Structures are given as C-alpha cells and as structure tokens.
Amino acid sequence: MEAFTVHTGTAAPLRRSNVDTDQIIPAEYLKRITRHGFEDGLFSAWRKDPDFVLNKPEYAGVSVLVAGPDFGTGSSREHAVWALQDYGFKVVISSRFADIFRGNSGKAGLLTALVDQDVVESLWALIEADPSTSVTVDLDAQTISAGDIVASFDVDPYVRWRLLEGLDDIGITLQNAPDIERFESARPSFTPTTR
Amino acid sequence: MGRTLAEKVWEAHVVRRAEGEPDLLYIDLHLVHEVTSPQAFDGLRSTGRPVRRPDLTLATEDHNVPTIDIDKPIADPISRAQVEALRKNCAEFDIPLFPLGSADQGIVHVVGPQLGLTQPGMTVVCGDSHTSTHGAFGALAFGIGTSEVEHVLATQTLPLKPFKTMAVTVNGPLPAGVTAKDLILAVIAKIGTGGGQGYVIEYRGEGVRGLSMEGRMTLCNMSIEAGARAGMVAPDQTTFDYIEGREHAPVGADWDAAVAYWQTLVTDPDATFDKEVVIEASELSPFVTWGTNPGQGVPLSATVPSPDDAADDVERAAIERALEYMALTPGTPMKEIPVDTVFVGSCTNGRIEDLRAAAAVIQGRKVADGVRMLVVPGSVKVRLQAMSEGLDEVFKQAGAEWREAGCSMCLAMNPDKLTPGERSASTSNRNFEGRQGPGGRTHLVSPQVAAATAVTGRFASPADLA
Ligand code: SF4
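Top line first, the protein sequences correspond to chains A and B.
Under this note's numbering, the residue at position 157 of the first sequence is numbered 157, and the numbers go up by one with no gaps.
Every number in this note's numbering is 1000 more than the matching position in the second sequence, counting from 1.
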C-alpha cells in the first residue's frame, strides 16, 4: 500500500444521504474475478443519468468525494471500496460512514475523513461554485483545506498510523516475519503438508 | 483455571500477542476453491508478494463444476472463467490443485479430511463458511473473507480477536433412526440461526461421542447455520482410527507423537464456557425444515407451524413470509407435503456413510413417479468407493440419477438447479430463498429421510416405508 500523507486534488459533491454499497456497486459486478477494473461499476445506475455529478465534464479527474451522511451502508462487499479507488478516489469526506465500509476502506487504503455536516455543506457550496477548486487533505495534521475552508477531520488512530506508514494488514503482519519464522521452526514434525 | 478445547488450540497457534492488538494466529492448512480466491491472488500479484507456504495450501474445484459431461468444457462462461482463473493462479503460485477430472477432486470440505490433511489441534481456514466441517477432528476451522484469504496466502497467519466459547452437550445416545443431521437441525431450531454468533461451539456428551467421523462432520458443518464461527468435537479413538493410514496422516514415531498430543486436546474438567446448551437425545426424532432458514425446522411427525405460534411480531412476520415463499398452509402434516426433487449430496451429507445410509433405505425400492432424485458424491474418492460397493447400481435401479462429484444442487452456481416453484428434500445445509435455484423451495433433511421421501414422494422416514 502507498503511504498517505498529503493529498491534493479536485472534489465532487455527492448530495445524497444513505448511499448503500448496492448503489456504490451493484451485485452483478461481484461475479468478476479480478481485484481491479471496477471503475465502470461505480454508481453504475446513476452514471446512466447524464446529469449525475460524475458525468459532468467539470468534475472529470476528481479524487476526493464529498458525500452525504451514512455513506457505505448495506452489504459488506469489499468491492465498494475497490470501485471508488479504481475510479480514482483517494479520499471520501462525510459526516457519517457505515462501520464495515469504513473498516474495509482503512484496510484497502482509501481515507474516510469524518467531519461535521456543516463542513460538508460548505465544501459542497465551494466545489459547486468552482469545480476546479483544489482540496488538500493532510493526514498528518488531520486537516482539510480548500479555498477559505480549513477544517479538522477524524480518523481512527490505528488506521491513520497504517495509512501514514503505507502499511496494509498484510504489510503489518510481514513486519512481524521473524515471529512467524520462529513459530514455524517450532511446529511439530507431524503436522501435514499438502505436497 | 482449566481451558476449553478451543482455547487450547488457539493458544497453541499464537505467533504474536501484543497489548491492544488482535492475536496473530498461525494457520496450519489453507483450503482454496475457485469462487473466493481470484481477487486474493490478484492482490498478491499487484503487490508482488509470493505465497508464503504453498505446501500448506490446497485447491480444488467444486462450486461451479457440472456433475455430468465433465469431459466437456464448462458451458457457463462465468463459471468457466472462475475455474480457469484458479488453474492459472495455482500454476503461477505453485499451489497443489485437484482439477475437474482428477482422482482427488471434490468438495473442499470432503477432500481435506479424506486425504488425512485435517487433523486434531490444527487451524484450518478456507474462503468458505462451511470450513467449520473440519472442526469434527478437534481442529479450529473457520471460514474467512477474500482479504483474509490474501492475508493467509501472503503470511500463513491471520490477526484475530478470540471467539467466545459455547458447549452444546447431548445427553444420552441418539435414538435409533436419529442422525447427526437431525441433531444439528434440532440444535439450530433450539438456539436459533443467530444463537451461535461470535462463538465456537464444542459438541459434547454421549450423543456426540457415539457419532462416526462422518456424523461429526455433518454436525460441525452446520454450526455456521447456527451463526457460530466454528464447531468442534474433541478427538478420540474414533478420530484417530479415521485418520490412521490416510495419505497425509503421520506415520511411525510421528504418529505416536501426534496421538499423544491429540489426546491432550480435551476441555479441562474445570474449564468454563461462555454459554452452555443441553440437548436430551431421547427427545430427538427425524427433523425437517419447513421455512426459509435452517432454524425453521420441526420433527417430521409435526405439522407446518402457524404465524399464531410466534412469540413476537418480528417472528410472526418471518413465519408469514416463509410460509408464503414455501407455499405451505399452517397445520398441514409435514408427511403430507409432496416433493418434486430429492438431492443427496453436499459437504453436509455427501460422504460415503451418507450414501450408504440412503442406499440402504432405497435398496429394492423405486423413486416415486414424477420425482427426480439426484445422488451426488462429495468427491471422486467417495464416488469410486460407492461404486466399488455397488451403491451406484442400487440408486440407478431405484430410478435415481448417479452423478459426478461437486457441490451440485447445494447452491445454484452450476447446472444442477431447482426450477421456480419446485420443492426439494435436500441433504444440504441452506434452505434460503433461491439457494437451490430462483424460486426453488428447499426442505433440509437427513440422507435417510431423503431416500424415504424419494420412495413415497412425500416427506417420510425409513420407518414409514412398509
Ligand atoms: S456443498 Fe454447498 S455448502 Fe458445501 S462448500 Fe459446496 S456450496 Fe458450500
């Protein structure tokens, strides 16, 4: 996983609450066998609507999603996070995230920045007035700055540490490789192998 | 203070323990199938990580495979793509694979034990909830998600928070005609489909001790339907006898060392469980589900329940919904309900003993007119064993279809499916809406009840056959 310290990019406003994982990516995409390439499935029902925010040319190339409350509810599918990342999002900002979605995001390296709803509202106003506004998310300082707005955000300390270090779960475990080797050397000789 | 069996196995696998972190647990055996593994391998590729222990990993093809014409390419392109991805991944990462057509292919939870790979005291994982099956050997075995599959492939460990422990004690021997399947259906009906949530269940008592390994696997298999993470049975002579001589069983001095260790894998007398449930075996009889979750079951001699029996409004709504989907009327005797299809197979009841039990009931009898009976061995080895005993002929002469090994009609992922509205008596583990095919109506039963039901065309136990 790439380390996350500061990210600067343009942002899209998603003025909806309770966006569930079925809306983020419908079940039909779950039959795929790859870990990548889910960008076409992201919000696929809404993307058929030319007026949907991500279809507007002024929001091309966005990497920050400013979402309504209760983002990511519903099924635990990890594909929801993969789809957001494959589309190019590095950060989702919301005043409330569903737990499992937030957990999955932390594992995969997508930053979910928790802010007060009034911060969301002012970000919406700003990026709607000028879609080219750049938004800077500083994980070390835990701040979001855009135009005149400077706001702090919440993130789980353990997730923050992992993102700053660029460590996924596997990366953390591999740091303990000497422990694993020690354990392996002491396994009884009667334990079977599949060879 | 004493420790439970589950705690002993857990403790023996802690690689690393640190304040405020989950335990890092070593995994002895990682089983892989085609459905839940492709993204995990893809993740390894994109991070450039190798599989740490391909020699503790084993793959088989089961969910998507057809059970007839297995020499032809798989017709469904999505199924074929999943199977082909597994073959490619196993070749790339050097993981042993039993593909369709190989002598060791079969359902992942049948293959592990039959090779002697599942042994007491091990940790066993697979990206499949019915991994709980392997707990029958006194192993700590549980299903994991795709990210965890990747984690185990890369590190052979998993960071985990300890489970709670539950004892299900079965007092007295099972009465004649009552099987492990009836026992687990009764347990789930008693504690509910959420009753085991967060727990590892240890099955104990005379009624469990008397079960064969096949029976114990059936029991542990459906722990997941009670909501539990895993099920376990302490190993004993029955366990050792089953393992001894199998392909991957220890031999010589290793065997003696292994057995000496395995004998310590019992819950200490002074250990305490977080929860205890007691079942009186003498109260058990053949069981059948009527609804759309495995907890909605009744004795075969009972009638379809009524929403009026519900304890609260939530349950009432659940019963109403299930009755509607299943097209059943409250008060109807279960034994009067006609079925269209009978399925004997799956990782719950697709082992040799299950096929023998079904064959013994149907021998010299005929499958009722208008009823289709599918007999699907859980693995190629089970299939060949059954054929060497002539069981295939017994089934064929009765008018049943004798198939190749696979998950088959347990889930609607391969060509064996119910058609909308069709009703089945099935030895599998899930009766969810559409599980065996969109609109299909599933009733879970034991192999014996399945066979008797095939003969009468309505739910029946062997005792009902004249
Ligand atoms: S037989 Fe059914 S429950 Fe068992 S592994 Fe196959 S699909 Fe899953």
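All C-beta atoms, glycine included, are put in the ideal place defined by N, C-alpha and C.
Keep in mind the model is a prediction, meaning the values are calculated, not measured.
Which residue marks the beginning of the beta strand (DSSP E) containing residue i, and which one marks its end?
| i | result |
| --- | --- |
| B:A1189 | Unbroken run through B:A1189 is the alpha helix (DSSP H), 1180 to 1191; no beta strand (DSSP E). |
| B:M1326 | Careful: B:M1326 lies outside any beta strand (DSSP E), inside the alpha helix (DSSP H) at 1313 to 1326. |
| B:R1016 | 1014 to 1016 |
| B:P1159 | 1157 to 1160 |
| A:L114 | 111 to 114 |
| B:Y1026 | 1023 to 1026 |
| B:E1276 | 1275 to 1280 |
| A:D138 | 134 to 138 |
| A:I144 | 143 to 146 |
| B:E1202 | 1199 to 1204 |
| B:F1343 | 1341 to 1344 |
| B:M1387 | It is not in any beta strand (DSSP E) - B:M1387 instead sits in the alpha helix (DSSP H) that spans 1380 to 1388. |
| B:F1142 | 1140 to 1143 |
Of all Cβ atoms in chain B, is any one closer than 8 Å to the Cβ of residue i?
| i | result |
| --- | --- |
| A:F183 | yes |
| A:D169 | yes |
| A:D22 | no |
| A:S189 | yes |
| A:N176 | yes |
| A:E39 | no |
| A:P192 | yes |
| A:D156 | no |
| A:E78 | yes |
| A:R160 | no |
Counting along the chain, where does the alpha helix (DSSP H) carrying residue i start and finish?
| i | result |
| --- | --- |
| B:V1045 | The question names Val, yet the displayed sequence has Arg at residue 1045 of chain B. Residues 1038 to 1047. |
| B:M1483 | Residue 1483 of chain B falls outside the range modelled here, since chain B spans only 1001 to 1466, and no answer is possible. |
| B:P1307 | First-last for B:P1307: undefined, no H or E at that position. |
| B:K1396 | 1391 to 1398 |
| A:I180 | 177 to 185 |
| A:H79 | 79 to 87 |
| B:N1171 | Where B:N1171 is concerned, there is no enclosing alpha helix (DSSP H), although the beta strand (DSSP E) it sits in stretches over 1164 to 1171. |
| A:L30 | Per DSSP, A:L30 belongs to no alpha helix (DSSP H) and is neither H nor E. |
| B:S1079 | 1077 to 1093 |
| A:G103 | 99 to 108 |
| A:F43 | Where A:F43 is concerned, there is no enclosing alpha helix (DSSP H), given that its DSSP letter is neither H nor E. |
For residue i, which of the options has the nearest alpha-carbon?
| i | options | result |
| --- | --- | --- |
| B:C1410 | B:D1369, B:G1116, B:G1434 | B:G1434 |
| A:S152 | A:D138, A:Y158, A:W161, A:R160 | A:D138 |
| B:P1159 | B:M1217, B:G1297, B:S1147 | B:S1147 |
| B:A1386 | B:R1403, B:V1083, B:R1372, B:I1337 | B:R1403 |
| A:F183 | B:V1361, B:H1013, B:V1445 | B:H1013 |
| A:L256 | B:T1047, B:I1279, B:A1257 | Any question about residue 256 of chain A goes unanswered here, given that chain A covers just 1 to 195. |
| B:A1318 | B:P1307, B:L1174, B:N1429 | B:P1307 |
| A:S189 | B:D1274, B:P1250, B:P1286, B:E1225 | B:P1250 |
| A:I144 | A:S122, A:T191, A:R162 | A:S122 |
| B:R1045 | A:P13, A:A67, A:E39, A:M1 | A:M1 |
| B:L1211 | B:A1230, B:S1426, B:V1187, B:V1178 | B:V1178 |
| B:V1187 | B:N1349, B:I1279, B:I1070, B:E1007 | B:I1279 |
Is there at least one Cβ from chain A nearer than 8 Å to residue i's Cβ?
| i | result |
| --- | --- |
| B:S1129 | no |
| B:Q1105 | no |
| B:S1428 | no |
| B:S1102 | no |
| B:S1046 | yes |
| B:T1193 | no |
| B:T1057 | yes |
| B:Y954 | The question about residue 954 of chain B has no answer here: the residues shown for chain B are numbered 1001 through 1466. |
| B:A1412 | no |
| B:H1109 | no |
| B:D1268 | no |
| B:G1043 | yes |
My understanding is that residue i touches residue j, with C-beta atoms under 8 Å, so please give their C-beta distance in whole angstroms.
| i | j | result |
| --- | --- | --- |
| B:V1108 | B:H1030 | Not a contact, Cβ separation roughly 11 Å. |
| B:M1334 | B:F1137 | About 34 Å; that fails the 8 Å criterion. |
| B:A985 | B:Q1436 | This structure cannot settle anything about residue 985 of chain B, because the visible part of chain B is limited to 1001 through 1466. |
| B:N1431 | B:L1444 | 5 Å |
| B:L1355 | B:V1342 | Actually they are not in contact, since the Cβ atoms of B:L1355 and B:V1342 sit about 13 Å apart, beyond 8 Å. |
| A:S94 | A:T10 | Contact flag wrong, Cβ pair sits at about 17 Å. |
| B:Q1105 | B:P1099 | 6 Å |
| B:R1259 | B:L1005 | The question names Arg, but residue 1259 of chain B is Val in the sequence shown. No, B:V1259 and B:L1005 are not in contact; Cβ-Cβ is about 16 Å, not under 8 Å. |
| A:V53 | A:L14 | 6 Å |
Should residue i be counted as a contact of the ligand ATP given a C-beta to heavy atom distance under 7 Å?
| i | result |
| --- | --- |
| B:D1416 | Annotation note on the ligand ATP: not contained in the displayed structure, which lists the ligand SF4 as its ligands. |
>> If the cut-off is 8 Å on Cβ atoms, which residues from the region 1131 to 1156 of chain B count as contacting chain A, listed in chain order?
In response: G1145, T1146, S1147, E1150, H1151, A1154, T1155, Q1156
> Taking Cβ-Cβ distances below 7 Å as the criterion, which residues of the region 1065 to 1098 of chain B are in contact with chain A?
Replying inline: I1078, A1081, Q1082, A1085, P1096
> Between the region 10 to 35 of chain A and chain B, which residues of the former have CB atoms less than 9 Å from a CB of the latter, in chain order?
Replying inline: K31, R32, I33, T34, R35
>> Please list, in chain order, the residues of the region 89 to 116 of chain A that have any C-beta partner in chain B closer than 9 Å.
In response: N104, K107, A108
> Which of the residues in the region 1011 to 1034 of chain B, read from start to end, lie with their CB under 7 Å from any CB of chain A?
Replying inline: V1015, R1016, L1024, Y1026, D1028
> Using a Cβ cut-off of 8 Å, which residues of the region 1219 to 1253 of chain B contact any Cβ in chain A, in chain order?
Replying inline: H1248, A1249, P1250
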